[in-house]
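Taking it in order: structure first as structure tokens, then the write-up.
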Amino acid sequence: MAAVRPAAPSRRTAPLRRALRELGLVAALFLLYKAARVAVAGRVSTALANGESIWHLERLLRLPNEAALQRPVLSSDLLVHLANGYYAYVHFPATALTLIWLYVRHPAHYLWTRRILAGLTGAALALHLVFPLAPPRLTALTGMVDTGRRYGPAVYGPPDTDALSNQYAAMPSLHVGWAIAVAVALIAVTRGRTRWLWLAHPSATLLVVVSTGNHYWLDGVVAAVMLAVVCFVLPLPGGDRPSYRPPPQRSPGRAHVS
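Sequential numbering of the sequence shown, starting at 1, is according to full-length UniProt numbering.
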């Protein structure tokens, strides 16, 4: 009887290597986006003027006042630290964990989600180039507090000396855009009424980015619109676009006898 050879180590570790490579691609995309944001920094006066314009536009549209949402958060140390922690620690880890799970359990949806995130990130960077925008916490007209710097944990340093990020690129909010993409992907691959609870993540993210003074309401709205456009352009998971298939033709020959 021939001996059974154990699987080659390279074959056993291949799935792990592929998973690490995919995770590295997502991390590289995120870091490239961060680096590109820094590269387009420098138009502070334009970004501040755009921030005031967005603030006035929201009032014309009768959107809720961001400062009114922030006030009850500032009244509670627990709430403000939870909001800051959610903003600082949930965004990228939640996206990475979702992608890992999709990669293992739903490869077609993983590829679709990765392409959606890449398309949204690229479109966001293009908008940063043409429309620099100061967040509410840096726009004096709003009267909002920079909760990260005052209470911690802080994601950004002082804007004048922060060489690691461009803080004048608030629109669109990738926190909100990525959170919606994650929720859509998880809803698509899960079953039952409880799958709609995944929407709690983008809902909480929107409230957090606004209450911490990092984004306007319109930053989240624009992110959602851009995500919808990207989803419309890209094919569905596995290329499952509906298509017409003609009925099978019977081969000529013996007639069917009933």
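Virtual Cβ for every residue (Gly too), placed ideally from N, Cα, C.
query                                                                                                                                                                                       : result
What separation, rounded to the nearest whole angstrom, lies between the Cα atoms of L31 and S75?                                                                                           : 35 Å
Could you check which residue in M226, T190, V210 has the C-alpha nearest to that of R105?                                                                                                  : T190
Roughly how many whole angstroms lie between the Cα atoms of L234 and R115?                                                                                                                 : 8 Å
Please go through the same chain and pick out, in chain order, the residues whose beta-carbon is closer than 7 Å to the beta-carbon of S173, but skip the five residues on each side of it. : V209, H215, D219, G220, A223
Per DSSP, what are the beta-bridge partners of L133 in this structure?                                                                                                                      : A169
Would you please state the rounded distance, in angstroms, between the beta carbons of P159 and L138? I believe it to be under 8 Å.                                                         : 6 Å
Tell me whether the beta-carbon of P168 lies closer than 7 Å to the beta-carbon of A67.                                                                                                     : Note on residue identity: the sequence assigns Tyr, not Pro, to residue 168. No, they are not a contact pair.
Please classify residue 309: is it buried, with 16 or more other beta-carbons within 10 angstroms of its beta-carbon, or exposed?                                                           : Any answer about residue 309 is impossible in this case: the structure gives the chain only from 1 up to 258.
Can you tell which of A170, A27, L25, V182 has the C-alpha that lies nearest to the C-alpha of T113?                                                                                        : V182
At what residues does the alpha helix (DSSP H) containing N50 begin and finish?                                                                                                             : 44-60
Expressed to the nearest angstrom, what Euclidean distance is found between the alpha-carbon atoms of A123 and G51?                                                                         : 20 Å
Using only the alpha-carbon positions, how far apart do V225 and L78 sit?                                                                                                                   : 33 Å
Cutting at 7 Å between CB atoms, please list the residues of its own chain near R17, excluding the five before and the five after it.                                                       : none
Report the three-state DSSP secondary structure of V222 (helix, strand or coil).                                                                                                            : helix
How would you write the range of the alpha helix (DSSP H) that R105 sits in, first residue to last?                                                                                         : 91-105
Is the segment 137-157 close to the segment 78-93, with three or more CB pairs under 8 Å?                                                                                                   : yes
Any idea what DSSP makes of A212, helix, strand or coil?                                                                                                                                    : Here the sequence assigns Thr to residue 212, which means Ala is not the residue at that position. Coil at T212, not helix or strand.
Applying the 10 Å Cβ sphere with the 16-neighbour rule, what's the burial state of P107?                                                                                                    : exposed
Do G213 and P136 have their beta-carbon atoms positioned less than 7 Å apart in this structure?                                                                                             : yes
Where V184 and L117 are concerned, what is the direct C-alpha to C-alpha distance, given to the nearest angstrom?                                                                           : 12 Å
What separation, rounded to the nearest whole angstrom, lies between the Cα atoms of V63 and A188?                                                                                          : The sequence shown places Leu at residue 63, rather than the Val named in the question. One C-alpha to the other measures close to 30 Å.
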